[in-house]
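Residue numbers (the numbering used here): 571 to 1059. Just so it is clear, CB atoms sit at the ideal spot from N, CA and C, and this is done for glycine as well. Because the structure is a prediction, the values reported are computed rather than measured. A short worksheet on the structure shown next.
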Ligand code: G6P
């Protein structure tokens, strides 16, 4: 498959490409669509608009030619432009600055952020490379949508290179409160980087407020009704423009998950999962990337105590915990895995009986259809994140439960809690509260379960991902048109 030398009217740029490199046992290589919220969110838009996607293919020290990604759920295709990273950039830009500086800083410093100047230098230069690649392939006046915290400098670099483009940025993770953001030695550069965009999107209104406070305090720029006047920068030749910011809570392809929830094969698979667990009366489920932001330890603590106290019994209840491997070379993630696995082993050692594990723990990723079967097999989903931009697993669980069964226990620190108001909302730090809520979920009457789930399903199916991306892109074009007119005036 060869990519054309075309220029593209819509270019999406993210750290990670929505495809993974695969190498078969016979040595033949190919590309496979990768799982994850961002792909779920943007793939349909890309397929519909035949756009291009710029990103890293997930392996270091390898150059790949552009290619066309085929075979998405809607039968479309899009061009893929791989950006390569060296092993050293992988360590400094990705594992270092992105995932050991920004990630913990933006997630309430749950883990200690590390500030290293060589990491910052790498972040800057890799952001520059991404921006240059986009500048090469974007058609005149094209729309460019930059994704997430790994690429916060791209909007400004791109505006300098290509002032004709409409530049959008979406932050998938929280934007931290000022008191935390202010720790960052390169806080001004990050804000200036973001302000290169015409439109900056956040998950929650609270994130947008945190951003506006940081811009005011650190750059002395005030916002009026979500609009910031970004002054010209004579040094770089960048003209003045207006940057608009707002909250755009991301969603899922709700229709796809509804269909999976109705699929007889998947429903049968869900029954099979329950059967293989010994047909317990109640199945609880946790599905998370193995990340310290997800509150897996808090969940296990609560569950272990419920077993200790005899409020939950292994004879009729099982917890399935799926931990998807993530960022395994970063030290905090390695320690977290050890911690979680020790805790699971202890709880199982104390409580399991033959053929009835207290916790069925799976450390791997699953295809989407299998995930849907797990959602359906579960009576209760536990989302206990300590901080989470949105949490798409919560929305996927809701969309899949087409029979309006299933209870969602949802952390108020996950963005999804702004919308899924009939979930059982919890503070995961309050272990007693969490325990009581789990018991409440287990005892809830079917009528109440159905009433709550119905309301959540309505919300998710109305505000699905297509609506999200359409709304963002429409606003982006409008803001960019205003900016162009302003330039012309
Ligand atoms: C979060 C981030 C994404 C990231 C994903 C997986 O959802 O917002 O930008 O791609 O985690 O993490 P990874 O480091 O494997 O790309």
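Legend entry - Extent of the continuous alpha helix (DSSP H) run through residue 866: Position 296 of the chain shown, counted from the start, is the residue given in the question as residue 866. For residue 866, the uninterrupted alpha helix (DSSP H) segment begins and ends at 866-878.
Inset, instruction - Could you name the residues of the same chain whose beta carbon sits closer than 6 angstroms to that of residue 777, not counting the 5 residues immediately before and after it, in chain order? - result: Counted from its first residue, the chain shown places residue 777 at position 207. Same-chain partners within the cutoff: 744, 745.
Legend entry - Member of 989, 1046, 590, 937 whose CA lies at the smallest distance from the CA of residue 1022: The sequence position of residue 1022 within the chain shown is 452, counting from 1. The shortest C-alpha separation from residue 1022 is found at 989.
Inset, instruction - Specify the secondary structure class of residue 812 as computed by DSSP and reduced to three states. - result: Taking the chain shown and counting its residues from 1, the one referred to as residue 812 is at position 242. Three-state result, residue 812: strand.
Inset, instruction - Could you tell me the distance, in whole angstroms, from the CA atom of residue 770 to the CA atom of residue 1031? - result: Working through the chain shown from its first residue, we reach residue 770 at position 200. Working through the chain shown from its first residue, we reach residue 1031 at position 461. One C-alpha to the other measures close to 25 angstroms.
Inset, instruction - Could you name the residues of the same chain whose beta carbon sits closer than 7 angstroms to that of residue 939, not counting the 5 residues immediately before and after it, in chain order? - result: Here residue 939 is taken as the residue at index 369 of the chain shown, counted from 1. Taking C-beta separations shorter than 7 angstroms and ignoring five residues to either side along the sequence, the partners of residue 939 in its chain run 830, 836, following chain order.
Inset, instruction - Classify residue 583 as helix, strand or coil using the three-state DSSP reduction. - result: Locating residue 583 in the chain shown gives position 13, counting from the first residue. Of the three classes helix, strand and coil, the one that applies to residue 583 here is strand, per DSSP.
Inset, instruction - Would you list the one or two residues that DSSP bridges to residue 1002? - result: In the chain shown, residue 1002 corresponds to position 432, counting from 1. Answer is none; residue 1002 lacks a bridge partner.
Legend entry - Backbone CA spacing between residue 893 and residue 954 [nearest angstrom]: Here residue 893 corresponds to residue number 323 of the chain shown, with the count starting at 1. Here residue 954 corresponds to residue number 384 of the chain shown, with the count starting at 1. Distance between the alpha carbons of residue 893 and residue 954 is about 13 angstroms.
Inset, instruction - Verify whether the separation of the beta carbon atoms of residue 855 and residue 917 is less than 8 angstroms. - result: As a first step, residue 855 is located in the chain shown; it is residue number 285 there, counting from the start. As a first step, residue 917 is located in the chain shown; it is residue number 347 there, counting from the start. In this structure, residue 855 lies away from residue 917, with their beta-carbon atoms at least 8 angstroms apart.
Inset, instruction - Inspect the beta-carbon positions of residue 625 and residue 580 and report whether they are closer than 8 angstroms. - result: Taking the chain shown and counting its residues from 1, one reaches residue 625 at position 55. Taking the chain shown and counting its residues from 1, one reaches residue 580 at position 10. No, the Cβ-Cβ distance between residue 625 and residue 580 is not below 8 angstroms.
Inset, instruction - Could you check the C-alpha separation between residue 628 and residue 655 for me, to the nearest Å? - result: Residue numbering aside, residue 628 sits at position 58 when the chain shown is read from its first letter. Residue numbering aside, residue 655 sits at position 85 when the chain shown is read from its first letter. Straight-line Cα distance between these residues: approximately 9 angstroms.
Legend entry - Cβ distance (whole Å) where residue 1038 is taken to contact residue 820 below 8 angstroms: By one-based count along the chain shown, residue 1038 stands at place 468. By one-based count along the chain shown, residue 820 stands at place 250. In this structure residue 1038 touches residue 820 by the C-beta definition: roughly 6 angstroms separates them, less than 8 angstroms.
Inset, instruction - Flag this pair as touching only if the stretch 684-704 and the stretch 723-733 have three or more C-beta atom pairs under 8 angstroms; answer yes or no. - result: Under the three-pair Cβ rule at 8 angstroms, the stretch 684-704 counts as touching the stretch 723-733.
Inset, instruction - With a 10 Å radius around its C-beta and 16 neighbouring C-beta atoms as the bar for buried, classify residue 782 as buried or exposed. - result: Within the chain shown, the letter at position 212 stands for residue 782. Buried, by the Cβ-count rule.
Inset, instruction - Throw me the rounded Cβ distance for the residue 969 and residue 824 pair, which I believe falls under 8 angstroms. - result: Here residue 969 refers to the residue found at position 399 when the chain shown is read from its first residue. Here residue 824 refers to the residue found at position 254 when the chain shown is read from its first residue. That belief holds up - the Cβ atoms of residue 969 and residue 824 are roughly 5 angstroms apart, short of 8 angstroms.
Inset, instruction - Kindly indicate which three-state DSSP category residue 829 falls into: helix, strand or coil? - result: Here residue 829 is taken as the residue at index 259 of the chain shown, counted from 1. Three-state result, residue 829: helix.
Inset, instruction - Would you tell me roughly how many angstroms separate the C-alpha atoms of residue 957 and residue 753, rounded to the nearest one? - result: Position 387 of the chain shown, counted from the start, is the residue given in the question as residue 957. Position 183 of the chain shown, counted from the start, is the residue given in the question as residue 753. As the crow flies, the alpha-carbon of residue 957 is around 18 angstroms from that of residue 753.
Legend entry - Which listed residue (941, 772, 617, 665) has its alpha carbon closest to that of residue 901: For the purposes of this step, residue 901 is taken as the residue at position 331 of the chain shown. Out of 941, 772, 617, 665, 665 has the C-alpha closest to the C-alpha of residue 901.
Legend entry - Supposed contact pair residue 736 and residue 1015 - C-beta distance, whole angstroms, cut 8 angstroms: Looking up residue 1015 in the chain shown gives position 445. Looking up residue 736 in the chain shown gives position 166. Not confirmed; about 51 angstroms, so no contact.
Inset, instruction - Please look up how many angstroms separate the CB atoms of residue 801 and residue 810, rounded, as I've assumed it's under 8 angstroms. - result: Translated into the one-based positions of the chain shown, residue 801 becomes position 231. Translated into the one-based positions of the chain shown, residue 810 becomes position 240. With a Cβ gap of about 5 angstroms, residue 801 and residue 810 count as contacting.
Legend entry - C-beta atoms of residue 1047 and residue 713 nearer than 8 angstroms: Residue mapping note: residue 1047 aligns to position 477 of the chain shown, counting from 1. Residue mapping note: residue 713 aligns to position 143 of the chain shown, counting from 1. Cβ distance < 8 angstroms, so residue 1047 and residue 713 count as in contact.
Inset, instruction - Label residue 1003 either buried or exposed according to how many other C-beta atoms from any shown protein chain fall within 10 Å of its C-beta, with 16 as the threshold for buried. - result: Mapped onto the chain shown, residue 1003 falls at position 433. Looking at its Cβ environment, which holds fewer than 16 other Cβ atoms inside 10 Å, residue 1003 is exposed.
Inset, instruction - Could you name the residues that DSSP lists as bridge partners for residue 603? - result: For the purposes of this step, residue 603 is taken as residue 33 along the chain shown, with counting starting at 1. 589, per the DSSP bridge assignment.
Inset, instruction - List the DSSP bridge partners of residue 772. - result: Locating residue 772 in the chain shown gives position 202, where the first residue counts as 1. DSSP output for residue 772 lists 817 as bridge partner(s).
Legend entry - Three-state secondary structure assigned by DSSP to residue 683: Translated into the one-based positions of the chain shown, residue 683 becomes position 113. The answer is coil: DSSP assigns residue 683 none of H, G, I, E or B.
Inset, instruction - Give me whichever residues DSSP pairs with residue 887 in a beta bridge. - result: Taking the first residue of the chain shown as position 1, residue 887 is located at position 317. By DSSP's assignment, residue 887 forms a beta bridge with 852.
Legend entry - Delimiting residues of the beta strand (DSSP E) encompassing residue 737: Position 167 of the chain shown, counted from the start, is the residue given in the question as residue 737. 736-740 is the span of the beta strand (DSSP E), which, as asked, contains residue 737.
Legend entry - Close Cβ partners of residue 619 (< 6 angstroms) along its chain, the five nearest in sequence each way excluded: As a first step, residue 619 is located in the chain shown; it is residue number 49 there, counting from the start. Cβ neighbours of residue 619 beyond the five flanking positions: 580.
Inset, instruction - Compute every distance between the C-beta of residue 959 and the non-hydrogen atoms of the ligand G6P, then say whether any falls below 7 angstroms. - result: Within the chain shown, numbered from 1, the residue matching residue 959 stands at position 389. Yes - the ligand G6P has a heavy atom lying nearer than 7 angstroms to the Cβ of residue 959.
Inset, instruction - Counting only the same chain and skipping the five closest in sequence on each side, list residues whose C-beta sits under 6 angstroms from that of residue 817. - result: Mapped onto the chain shown, residue 817 falls at position 247. If the five residues before and after residue 817 are omitted, its C-beta is found closer than 6 angstroms to the C-beta atoms of 772, 774, 775, 778, all from its own chain and listed in chain order.
Legend entry - Cβ neighbour criterion (16 or more within 10 Å) applied to residue 570: Shown here, the chain extends from 571 to 1059; a query on residue 570 therefore has no answer.
Inset, instruction - Report the option in 758, 623, 1035 whose CA atom is closest to the CA atom of residue 827. - result: Walking along the chain shown from the start, residue 827 turns up at place 257. Taking residue 827 as reference, the option from 758, 623, 1035 with the minimal CA-CA separation is 1035.
Inset, instruction - Output the distance between the C-alpha atoms of residue 648 and residue 603, rounded to the nearest integer angstrom. - result: Position 78 of the chain shown, counted from the start, is the residue given in the question as residue 648. Position 33 of the chain shown, counted from the start, is the residue given in the question as residue 603. Taking the straight line joining both Cα atoms gives about 12 angstroms.
Inset, instruction - In angstroms with no decimal places, state the Cα-to-Cα distance between residue 793 and residue 786. - result: Walking along the chain shown from the start, residue 793 turns up at place 223. Walking along the chain shown from the start, residue 786 turns up at place 216. Taken atom to atom, the span from the alpha-carbon of residue 793 to that of residue 786 is near 8 angstroms.
Inset, instruction - Compute the minimum distance between the beta carbon of residue 777 and the heavy atoms of the ligand G6P, and state whether it is under 7 angstroms. - result: The residue labelled residue 777 in the question sits at position 207 within the chain shown. Every heavy atom of the ligand G6P is 7 angstroms or more from the Cβ of residue 777, so no.
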